[in-house]
Each structure stands twice: as structure tokens, then as C-alpha cells.
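Below you'll find the structure, written out as C-alpha cells, and then a few comments.
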Ligand SMILES: [Zn+2]
Ligand SMILES: [Zn+2]
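Residue numbers (our numbering): 264 to 525.
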């Protein structure tokens with residue numbers, strides 16, 4: 264049985280105090296039944312370091328992109344060729360994470376939109392799915408995707424926390440919806456509502472570690488092993504066994520990212 268953490272920042276965990284290295288993180292994940300991981304990129308500067316970390320790790324894939332919070336007037340003119348080179352490397356399976364964040368960085372809205380549209384075009388050209396980060400902006404993300412013809416790229420709305428209505432639109436566009444530890448929070452009722460709505464065969468689970476640790480680890484630094492708590496919560500909400508949930512989200516991950524789990 265497989266279980267994939269579809270979104271964890273393996274390169275941002277606390278290797279000074281908490282873990283000796285990524286091998287220890289992976290060992291703990293495996294002990295919890297979490298067999299595979301995907302580590303998204305967040306900007307071009309940190310990507311080479313992240314890539315060096317993951318390239319030799321078994322059962323770990325990566326992605327490359329500019330995170331909307333990291334786009335500034337200084338780097339907005341990033342070069343297509345640089346991203347395309349990252350995306351052509353072994354094990355780099357997606358354009359992510361990209362998207363729009365109108366909560367943390369509303370002041371750069373215009374350049375975020377321009378940058379997201381460019382990345383969507385590259386995703387289509389490179390035939391890689393998008394990992395979409397949306398905060399206060401999910402509907403706008405979909406509008407931009409509709410405007411650039413990237414239907415074949417597909418992708419996932421990661422750490423989904425918007426409305427059921429926007430989830431429905433995302434599904435109509437062929438996107439997957441990824442559920443994070445928020446589904447276990449007292450204040451996570453909107454995510455539980457989305458989780459009940461989204462068909463099991465369109466769903467992924469993730470930690471977004473080191474952020475957003477699920478209950479019962481809430482408030483602690485998150486790590487890939489903890490996606491098992493989120494998977495248990497989702498299984499309960501969907502009324503399926505843990506095994507069925509794990510098997511289904513693993514198949515979904517294979518479909519979304521065009522990889523084979525083994
Ligand atoms: Zn994100
Ligand atoms: Zn993230």
C-alpha cells in the first residue's frame with residue numbers, strides 16, 4: 264500500500280534542531296506508511312539547492328516554479344529558459360508551486376498574475392501539470408488559466424481552502440483538489456465541506472510541511488509522516504477505509520503527475 268505526501272517542502276525542514284537530514288525525514292515517513300513525496304520549488308534561487316537534496320532520494324519527486332509570494336519587481340522578468348531547464352531535469356514532474364496569493368502579498372497582485380500566466384503557458388508547452396497555490400485568489404487563478412489555454416497541462420489546487428463553488432469549477436477544468444491538515448482543524452469546517460463534496464477520485468492529500476501540522480500534531484513543525492493523520496481524517500469524512508483512501512489518492516497522484524509509484 265502506498266501513501267503520497269503530494270506537497271512537502273523537504274528543503275525547508277529544521278535540519279539544525281529537529282532532523283539530522285532528509286534521510287531521517289524519509290525514514291519517519293516510511294514508518295508512518297508514507298511511501299512517496301513531492302517537493303515543490305518556490306523560486307529560482309533556491310531550486311538548485313533543493314534539487315541537489317532530492318535528486319538522489321528514492322521515491323521523491325520535485326517541481327520548479329516561482330511562488331507568488333516570492334515575485335518582486337526585481338525578479339518579475341525571470342527567464343523562460345531558466346524555468347524550462349529546471350523542468351527538463353530528471354524527477355521534476357510539475358510546474359509548482361505557482362499561483363496567486365492575495366492574502367500575504369496583495370501589493371504584488373499585478374506582477375503575480377503576469378507571472379502565473381507565463382508559468383501556465385510554459386506548463387502547457389512542457390506538458391507538465393501545475394501545482395497551484397491560491398489564497399484569496401482561487402477564482403482568479405481559474406480565470407487566468409482559462410485565458411491562456413493550458414487545458415492539457417492539468418494540475419492540482421494545492422492546500423485547497425476556498426469555496427465549494429470554486430472547487431466545482433476547478434474539477435470542471437480537470438484539476439485535482441489537494442487536502443491539507445486544515446481538514447483536521449477546529450476552524451477547518453469549510454475544508455471539510457469541500458472534502459465531502461470533491462469526488463474521491465479527484466483528490467490528493469498533502470502536508471505542506473513544515474507548515475500546517477494536522478491535529479494531533481497541530482502547532483508542532485509538520486513533516487511528511489503526518490500526512491497519515493490527514494489521510495485518516497479524509498477517509499472518515501468520505502466514509503471509506505484508510506486503505507481505500509490511500510490506494511485512491513495514490514492512483515490520483517499517478518494520474519495528476521504522470522508517474523508510476525513503485
Ligand atoms: Zn502553497
Ligand atoms: Zn507549499
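From the three backbone atoms N, C-alpha and C, an ideal C-beta is built for every residue, glycine too.
Along the beta strand (DSSP E) that carries residue i, what are the first and last residues, could you check?
i	result
residue 277	Careful: residue 277 lies outside any beta strand (DSSP E) and carries neither H nor E.
residue 361	355–364
Taking DSSP as the reference, what is the three-state secondary structure of residue i?
i	result
residue 404	helix
residue 297	coil
residue 304	coil
residue 466	strand
residue 266	coil
residue 486	coil
residue 414	coil
residue 471	coil
residue 439	strand
residue 328	coil
residue 350	helix
residue 395	strand
residue 288	helix
residue 419	strand
residue 323	strand
residue 426	coil
residue 369	helix
residue 432	helix
residue 334	coil
residue 447	helix
residue 497	helix
If you measure from the CB of residue i, is any heavy atom of ligand 4 nearer than 7 Å?
i	result
residue 471	Looking at this structure, you won't find ligand 4 anywhere; what it does contain is ligand 1 and ligand 2.
Mind checking residue i: buried by the 16 CB within 10 Å criterion, or exposed?
i	result
residue 482	exposed
residue 351	exposed
residue 283	exposed
residue 515	buried
residue 346	buried
residue 225	Any answer about residue 225 is impossible in this case: the structure gives the chain only from 264 up to 525.
residue 387	buried
residue 511	buried
residue 363	buried
residue 485	buried
residue 280	exposed
residue 529	Here the chain has residues from 264 to 525 only, and residue 529 is not among them.
residue 268	buried
residue 409	exposed
residue 487	buried
Can you name the start and end residues of the alpha helix (DSSP H) that residue i belongs to?
i	result
residue 374	372–389
residue 455	452–460
residue 310	310–317
residue 520	505–520
At a Cβ threshold of 8 Å, is residue i touching chain B?
i	result
residue 460	The structure shown contains no chain B; it holds only a single protein chain.
Using 8 Å as the threshold, is the region 364–379 in touch with the region 308–318, meaning 3 or more CB pairs across them? Inter-segment contact for the region 364–379 and the region 308–318 is absent: fewer than three beta-carbon pairs are separated by less than 8 Å.
Is the region 456–468 touching the region 420–427 in the sense that three or more CB pairs, one from each, lie closer than 8 Å? With a cut-off of 8 Å, the region 456–468 and the region 420–427 count as touching, because enough Cβ pairs lie within range.
Pair every Cβ in the region 394–412 with every Cβ in the region 335–343, then say whether three or more of these pairs are closer than 8 Å. Segments in contact, no.
Indicate whether the contact test is met: 3 or more Cβ pairs, each with one atom in the region 463–472 and one in the region 494–507, closer than 8 Å. Touching, yes, given that three or more Cβ pairs across the two stretches are closer than 8 Å.
Is it true that the region 472–482 meets the region 504–511, where meeting means three or more beta-carbon pairs spaced less than 8 Å apart? Not touching, per the Cβ criterion.
Is it true that the region 431–444 meets the region 411–418, where meeting means three or more beta-carbon pairs spaced less than 8 Å apart? Verdict: yes, contact present.
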